[in-house]
Structures are given as C-alpha cells and as structure tokens.
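Protein chains in written order, with our numbering: chain U, 1 to 394; chain W, 1001 to 1394. All residues carry an ideal CB built from backbone N, CA and C; glycine is no exception. Encoded as structure tokens, the structure appears first; notes follow it.
There are 2 protein chains.
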Amino acid sequence: MSSAIRNRMQLHQQNIQSVLAEVFNHQPISRIEISRNLALNKSTVSALYRDLKEQGYVEELGEGDASNVGGRKPVLLAINRRYGYTMNFDFGYRHLHVMQNNLSGDVLSYKQVNVKGLTLKQILPLINDELASVSAKDNTSHGLLGISFAIHGTVDHNQVTYSPFLDMDHVDLADYYTQEFQVPVLLENEANVSAVYERDFNKANDQLKNMVTISIHRGIGAGLIINQKLHRGTHGEAGEIGRSVSIDGHWDGAPRKVEDYCSEDAVINQIQDEKHATNMTRDDVVRLFNEGDEVTKSALAAFVKNVAGIIYNAANNYDPDIVFLNSPLLEELPELEPQIEQVYAKMAPSILVPIKLTQNSHYATLLGGCSLVTREALGMEDAKLNFEAQTSVL
Amino acid sequence: MSSAIRNRMQLHQQNIQSVLAEVFNHQPISRIEISRNLALNKSTVSALYRDLKEQGYVEELGEGDASNVGGRKPVLLAINRRYGYTMNFDFGYRHLHVMQNNLSGDVLSYKQVNVKGLTLKQILPLINDELASVSAKDNTSHGLLGISFAIHGTVDHNQVTYSPFLDMDHVDLADYYTQEFQVPVLLENEANVSAVYERDFNKANDQLKNMVTISIHRGIGAGLIINQKLHRGTHGEAGEIGRSVSIDGHWDGAPRKVEDYCSEDAVINQIQDEKHATNMTRDDVVRLFNEGDEVTKSALAAFVKNVAGIIYNAANNYDPDIVFLNSPLLEELPELEPQIEQVYAKMAPSILVPIKLTQNSHYATLLGGCSLVTREALGMEDAKLNFEAQTSVL
DNA sequence: GATTAGTTTGTTCAAACAACCAACTCACAT
DNA sequence: ATGTGAGTTGGTTGTTTGAACAAACTAATC
C-alpha cells in the first residue's frame, strides 16, 4: 500500500525502470519497440532512455535492420556490459564457488576454491583474494556493484540462522563486506537462489507464476517462487521440507524427518553402513551403481520412491506450474529421473506437475545470487528481469 | 508488468481506489487524515473523494471532534452502507449457510437451510428463494452486487474441480448466476475463503504477511495467505495438505494420506468402528469425550498428536506468521488446543509459530467469500481492505 | 513517394501548491 | 459570565507544475 505510485515523480521513476527492464529483457532492442511494448509514447521513451544513458546503465550497439518496406534503421540499445560487475559466492561443503558477472548476468569468470575442513575465518582471506584479483583486472566504469553468498542453511535478515556444516564463527558477512566495499551484500539460502535462477535465467520459465525448486544436497530444501516472487517466509524458513515428519496416526517421541531418509547424505551413509565402508562420496555411489551393485541399486530405488513422494507432497502443498530438482546425485545419474516421474505419476490423482532437473547446479546457485544482488544494486527488486543465460561461457 | 501504472489516467484511478481503501479501512475518517495517511495533498484528496461520492460508494456521517487546541471540526466520511449488498453461500454437508452483507462487510442477515441428502439441482431453488426474499426487502441504491459460494472441494477458473460429498450435477453455478443477475459470481474453496476471512475481517492480523488456515472438516485443507495475497496455486490446489503422504523410506503401493488419519470424518469413523456404532455425529463424539469415554479419549489424543504434526509440517513448508485452525470439532472441544500447542512445541526446534482457533467457523467462510466478491464488485482485488467484523450481529 | 525511427516543440491534465474561508479552542480582559 | 482575538485545524478555490502525450518535424531506408 505504501509502496504504491501516487505522484508524477514516482510514476516517472517507475517508467524509467520499466524502460530499463525492457532493455534488460529484450536487448538488443530499439526505442520504438520499447514504446510499443510498454504502450508509452515514443518521445516519452526517448526521454526516459536519455536519463538511463546519462547514468551509464545502457548503451547503443549500432543499427539494426530496417523494415523491408523502407524506413529508417532502428538504433539498437543494450545494457552497458562495462558498467560494473557483481561477485557471487557459494559455500559448498568441499569448495567455495566464485563467479564474477556483469550487469547483464553474463559469466565473466568462474572458479572453485578448495575449502574442505576450513573454518569461515580461514575462508575469509580466500574470498578477499578473489575480490582483490578480480578488482585488479577490472576495467568497468563503476567496478564492484554487489556481493552475494549462497548459504547451505537458513538465512533471515541477511544473517545465517542455521548452518549444518559450516561454522559461521559469529562472523557477520553482510556487515563486514558492506563496510568494506559500500555495496549491497546479500546472503540467501541455496535452494532459494536456485529457484531465482530458474525464474530469471531460464527463458523457458518466463510465463510461469509458481515454481518449486527442490534442492537435494546434504539436506533437503525447497526454493519457492510464488506469483513470480521468491517466497522466503516470515523467518526465511519457507520450503524447509526436509524437516517434514510423517503423519501416520501413531508416532511417539521425536519423529524422523524426511531429510533423515533421503538427502544425498542419508543415501550415502546408508550404503556406506550396509557395505561397512567409510568416507564414501557421491562419486563412489555413482560408480557402485554403474557397476550394478545390489545394495546401491536398492538404496537408490528407495531414493527414487522417496523423491517421488516429496514431489507429490510439494505439488499438493504449493500447486506449482513446475518442479525442479537440483541434485548433484541426480545430475550424475539422470536415468533415475524418468523413474521418479513414473512413481510420481502413479501417486498423483489428476494434475501432473512437470518435473525437470536443474542443469549445472553449481552455476544455478551463483547465478541466482547474481540476480538478487544485481536487482538490489539497481533498486529493481520486484521488476521482471530476464538475465542472459550465458552458462556456456568458460 | 502490463498492469503497472504508466500514465496520468491510471495514476488517477489508483489514487481514487487508495482513497476508497482508506475510507474502508479507517471509517469514519476525515479528508485531512486520508491526506496524511496517503501523503497526498488535501486538495487532491478532496477532488478524489468528490468522484467517489458521485459514484455513491461513500457518504458523510456528520462531524467529528475538533482537536483540543482548536480548529475546525472534521467531517467524517464512511462507506455508504446503503449502496448495495452481496449474497454469500456455504455448501455445508448438512446445511446451506446463507449470509447477506453490505458493502462494508456488515452482516445483514444469516440463515441455515437444511439440505442434507439433497442434490445440487434440488438445492438451486432454495438458493433462488433466498435471493428473491432478500431482494424483496432491499432498499439499497444498487441492490445485489455479487454472489459467492464456498465450496468444500477444489475450484479452478470458477469451476468445481473436485467435490467430495456434494454432486455438482454438471451445474455451472458461476455461469448460471452471472447470466441471471449480471453481477460477479465467485466460487472458492472453503479453506481459502476462511484464510481470506482471517486476513480481512480480523484486525489483529492487519500487519501479518503470511498466514496458514488449516481447515479440518470432512477433509483437511489449508488456505494460504502469502505476502498478504491468497495463494491458490496454478490449478487452485495449493494447500491441499490433506493429500500429503508419509515419506518413511519404505512404503509400497498407494500410501495413505493425512486425511485418512485425522480429518474429522476419520476420527468419528474410527470411534464408531471401535464402538461398533453407526451414524455417529460430531456431537456424539463431544458427548462421549465429556463423559470420559476411553475409546474417544484415546482417539482424540491421537488426533491432537496428528494435528500438531500437520501444523509442524505446515510451519516448515510455508513459514507463516501464524496458523489458524478452522475445525468445528476443536471449536466444541477448545481444551484440546493447548494440548496441540504443547505437542507442537516439543517438535519445533526454534521458531514457534503461534496457533489460534478460528472463531465462529461458519461465519468465517461466508465472510471470506463476502470479501472476495465485494472486492470483485469494486474492482479492488489487490487492495488492502479491512472489513468490519460485525460477527456479533444476529 | 511511401515507410519507419527518432527528435523537437508545444499541449494536456492530475497532482501540488498557495491563498483563502470556515469553524473551532483557549487565554485573557472586561 | 461573557466577549474578543490569537492561534489552530479542516476543507475549498484558483494557479502552477511537470511528465506523458501529440503533432510536426528530420533522418534514413526501400
């Protein structure tokens, strides 16, 4: 209510942002096309564009093709790729993933840094090294625009509220880097940024209003896009479906959680226990499965069933247009996905929600963070922005 | 994006609606107060109000008190209660509930009509009787403004897509009454309207962004308010939590649903079976429980546990500010509610979501429908409107 | 010449503003 | 007690402002 447009100034600001969003989403695009898309007079668009150009956000790319019945060639406009860059991090269990992106979401660099067993205070200097080395090579006009961190855990008010494997050492990342660089710094749950990635980087999802991204890593969480907005919940804990318990009419004491049965960790541990092995990794499971190991096959068969059940429950809870699975294990064993779909199809009464695997899950979390922090840098949190999907770079 | 305000006309329309919303939410209110609340110039508010008065939506109520340091008395403005009325129906298992409301949400009349065992085609004449008798007594300027129906089942695109106990007989209610009266006609799931009731009629929830209303009747469903908007899902099936299945690592065949364990029906049937009785009703269960019957006590103890589990799962799925329970059984046995809270508190790790019983659940569904259809009549679907909570009338 | 892209110049109209009137409170003098 | 005037607040009236718009222009193409 209080954010509603009420006077000419606010209207003007919003129209400027609408033009910027059009350039973002349809670049390269001409003024006249923006005018048609937004139902704004072409002279209005020209004036608004002039403002954006003065700020440096956009630039002309040269001329496009004229219409085939004659007429002046349009001037193609685009986001200024040399305006500045964002730095996006993902605190994985083994690696710190580091990505540098431009304003348009293009990947400028990507790197993995081994951090297994390190504490956050030991990781901080490594982050600073990355920031410094990127900064040294930078030739953009505005430099660093913002920093995002994908957190495997829950986040509220930019603070980590639960972190299963990385000890936060009472470090306030947001405060530290905001002080240091005077740019937006953003912490967000990994399933949430993954969901934002699907919304903003995947053109196939452009028209979808509701999406659920189920992330199966060491735990299980869902990122929720509801009405094209990220739903974090009141305390940033929406979609913590891994904590769900079974309602079966007669349980006692502390009931077991979904995560205990079918997170990647749970599957690996189960196989490890049954085979009396130690220190097994995902790669071991993949290898065993491909070798036809019976223990592994049966564990993964149960995994398939359980994931199907989780999808079924998510479909009933959220009724999305689509469900994405972000799971490194499934990414390496894609043949399991059709099996999941089959089991799910048997459970669902009428409506079948499409299921897809998130491709390149490392990139997804980083790009989702990139979207969120870029939006914050532009003050365009709620606009519809389609970023480039240049995941093939590098 | 396409619905964004872009020109002066749209801005003007929105500001008119903002003024109307202010009158709605804070009536009686003066022009100067609206001006301050909306940060609009007082002359602008006067002009916008003039428009609304010409349309008949608002009226002056007389003068208010002057400030205690002197100054002219304000003129108090309010919604015109004689503008028109809405008719709101709830298809219960035993009764058809009928409510007439004015533009402000005040209850003008309420009635239950016995419909047990009747088909929809037999109920239709009864509905028409109610509409006719209300219309005959009407003295408003615009008469019938809209009709809403609360459906115990799922609804998509104003069509019933699933109806567990009432056979819809292929009747298209929306089409039939729109043709007949040329007013908005609205069908909505009963848990959803109940959630809308909590949002719009309960002033205590004014600031809450996310709410879950769990409806436990013959089935179990949840109405979801997310970011202060009703989330219906892509097919109107969001919140169908009664269909959730247990993920326990080793199930086969069709797994049992939550509804099978702890809907009101399931509880009654279980007690009935164990006591070898027939045709038991909720009242019988309440009586048996109050008489200290052991079978009933143990069934309700399991019910308490299961409801706590459902709340816990809902909290993890949606992370709301509050959970409401709309359950006639709990309304009649309110002493169970603290027990539910206790079991839930033991399960939840850190964040405890407040739990409340929806008071007067019959009224809740009707008033929720009233809100939705009134909004449609006014073209103010997305505005924040606080309706009056005159549930004590009658 | 017909057509399309973009600019310039002047118009429009809803919100903001300024100045006003209306009606009240309170302090103080009578 | 009562009359008066200064100060305050609610609301209206007439004018100004400024962002979108419209029309007439230039530029560049078929």
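Cutoff 6 Å; reference residue i; Cβ partners in own chain excluding five residues on either side
i	result
U:H231	L224, A238
W:S1109	Q1100
U:V307	I340
W:I1147	M1087, Y1177, V1185
W:A1315	V1353
W:Q1182	none
W:L1325	I1214, L1357
For residue i, the three-state DSSP class (helix, strand or coil)
i	result
U:N101	strand
U:N88	strand
U:Q55	helix
W:I1241	helix
W:M1211	strand
W:V1196	helix
W:A1078	strand
U:L40	coil
U:V163	The identity of residue 163 of chain U in the sequence shown is Ser, whereas the question assumes Val. Coil at U:S163, not helix or strand.
W:T1154	strand
W:F1387	coil
W:E1060	strand
Below-8 Å beta-carbon distance, residue i vs any chain W residue
i	result
U:P320	yes
U:T234	yes
U:N227	yes
U:Y261	yes
U:H12	no
U:G143	no
U:L40	yes
U:Y176	no
U:V160	no
U:I5	yes
Backbone CA spacing between residue i and residue j [nearest angstrom]
i	j	result
U:S133	W:T1044	55 Å
U:P396	U:L76	Outside the displayed span of chain U (1 to 394) sits residue 396 of chain U, for which this structure offers no information.
W:E1376	W:N1128	22 Å
W:S1246	U:S244	9 Å
U:Y83	U:Q13	20 Å
U:K257	U:I310	12 Å
W:I1032	W:N1041	9 Å
U:I34	U:F24	11 Å
U:L38	U:T281	52 Å
U:I123	U:V19	40 Å
U:L366	U:V98	8 Å
U:E259	U:S163	15 Å
W:N1205	W:E1198	7 Å
Cβ of residue i within 8 Å of any chain U Cβ
i	result
W:R1218	no
W:S1163	no
W:G1309	yes
W:T1391	Below a pLDDT of 50, predicted positions are generally treated as unreliable, and W:T1391, at 46, falls in that range; no measurement from the model is reported.
W:A1204	no
W:E1274	no
W:S1135	no
W:A1238	yes
W:H1231	yes
W:I1029	no
Status (buried if at least 16 other CB within 10 Å, exposed otherwise) for residue i
i	result
W:E1274	exposed
W:A1191	buried
W:D1283	exposed
W:R1008	exposed
U:N317	buried
W:N1015	buried
W:D1382	exposed
U:N202	buried
W:P1320	buried
W:F1165	exposed
U:D200	buried
Own chain, CB closer than 8 Å to residue i, minus 5 neighbours either side, in chain order
i	result
W:Y1085	Q1100, N1101, N1102, L1103, L1108, V1134, D1138, T1140, G1143, L1144, L1145
W:K1073	E1063, G1064, D1065, A1066
Sequence-distant residues of its chain with Cβ nearer than 7 Å to residue i (five each side left out)
i	result
U:A299	V267, Q270, I271
U:Q17	M380, A383
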